[in-house]
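Inspection log for the structure reproduced underneath, given as structure tokens.
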Amino acid sequence: MANSVHTVRSKMLILLAFIIVFHITSAALLFISTIDNAWWVGDNFSTDVWRMCATNISTCMAITDQFREYQSIQAVQATMILSTIFCCVAFLVFILQLFRLKQGERFVLTSIIQLLSCLCVMIAASIYTDRHEELHKSNDYSIDVSEGQYGYSFVLAWIAFAFTLISGVMYLVLRKLSLPKEVVFNLQFMAPMQLVDYSSMADE
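For the working numbering, count along the sequence shown from 1 and bump the result up by 1292.
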């Protein structure tokens, strides 16, 4: 009996740890992609959705409304910020639901918020992909940035899209787990750490 309980509890904790780590990784990817200056890079420059930096002279120029493609950049900025916020909110909602949901219920609200995060980062990366030629052929930059390639921040944005999509679907199908019925009544006064609603199971 004790071995069975230990095995079930270990599996529950491993699954919970995996979900939490996966979500935190998604948030980290979004933060890095949004903040770091590496969406479009060349031999002597790097640029993101906020500024362009010349690596040879160590100076940066903010992307402002003086740029002709500023509206496109603003759309990318807004959706990346929203995606990061939604991802963080989804994690907080998951932690709350983990203790407040009844046994057997699904994390639907967490899933919806996480899928909104997925949608936002997809929109941001898609806009940047579609408009990158116009963005980097602009004469508003102090140096020529047309001869470059996608940087790791852009790649991380697409990876974050995949991660948030997977975690959103994961939350949608995940149910709040519990210990098997045959061992529940023997554990009501044992281990202090339980993610089980014993009262609801006892009523069944």
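The beta carbon of each residue, even a glycine, is placed where N, CA and C say it ideally should be.
Return the first residue and the last residue of the beta strand (DSSP E) that leucine 1338 is part of.
Reading the sequence shown from its first residue, position 46 is the one you call residue 1338. Here residue 1338 is serine; the residue named in the question, leucine, does not match the sequence. It spans 1337-1339 - the beta strand (DSSP E) in which serine 1338 sits, taken as one unbroken run.
When burial is assigned at 16 or more other CB atoms within 10 Å of the CB, is threonine 1326 buried or exposed?
On the sequence shown, residue 1326 is found 34 positions in, with the first residue counted as 1. Threonine 1326 is buried by the Cβ-count criterion.
Going along the chain, which residues of its own chain have a beta-carbon closer than 6 Å to the beta-carbon of alanine 1417, five neighbours each way excluded?
To locate residue 1417, count along the sequence shown from 1; it is residue 125. So the list reads Ala1449 and Trp1450, once near-sequence residues are dropped.
Classify serine 1302: buried if its beta carbon has 16 or more other beta carbons within 10 angstroms, exposed otherwise.
Residue mapping note: residue 1302 aligns to position 10 of the sequence shown, counting from 1. By the 10 Å Cβ count, serine 1302 comes out exposed.
Output the boundary residues of the beta strand (DSSP E) element that contains threonine 1351.
For the purposes of this step, residue 1351 is identified with residue 59 of the sequence shown, where counting begins at 1. Looking at the DSSP string, the run of the beta strand (DSSP E) that includes threonine 1351 is 1351-1354.
Assign tryptophan 1450 to one of three DSSP states: helix, strand, or coil.
Stepping through the sequence shown from its first residue, residue 1450 is reached at position 158. Reduced to three states, the DSSP call for tryptophan 1450 is helix.
Between which residues of its own chain and tryptophan 1332 is the CB-CB distance below 8 Å, once the five residues before and five after are set aside?
Against the sequence shown, residue 1332 aligns to sequence position 40. Only Ser1338, Thr1339, Asp1340, His1424, Leu1427, His1428, Val1437, Gly1440, Gln1441, Tyr1442, Gly1443 and Phe1446 meet the Cβ criterion.
Give the list of continuous alpha helix (DSSP H) stretches no shorter than 4 residues that lie fully inside the stretch 1311-1388.
Taking only runs of at least 4 residues, no alpha helix (DSSP H) segment lies wholly in the stretch 1311-1388.
Identify, in the order they occur along the chain, each residue of the same chain with its Cβ nearer than 6 Å to the Cβ of valine 1381, setting aside the five sequence neighbours on each side.
Your numbering for residue 1381 matches position 89 in the sequence shown. Closer than 6 Å at the Cβ level, and outside the excluded window around valine 1381, lie Ile1405.
Quick one: is valine 1368 buried, meaning 16 or more other Cβ sit within 10 Å of its Cβ, or exposed?
If you number the sequence shown from 1, residue 1368 lands on position 76. Burial call: buried.
If we ignore side chains and look at the alpha-carbon of each, how far apart do glutamine 1366 and valine 1413 end up?
Position 74 of the sequence shown, counted from the first residue, corresponds to residue 1366. Position 121 of the sequence shown, counted from the first residue, corresponds to residue 1413. C-alpha separation (whole angstroms): 13 Å.
Using CA atoms only, rank isn't needed, just tell me which of Thr1356, Ser1364, Leu1408 and Asn1336 is closest to tyrosine 1463.
Stepping through the sequence shown from its first residue, residue 1463 is reached at position 171. Minimum Cα distance to tyrosine 1463 is reached at Leu1408.
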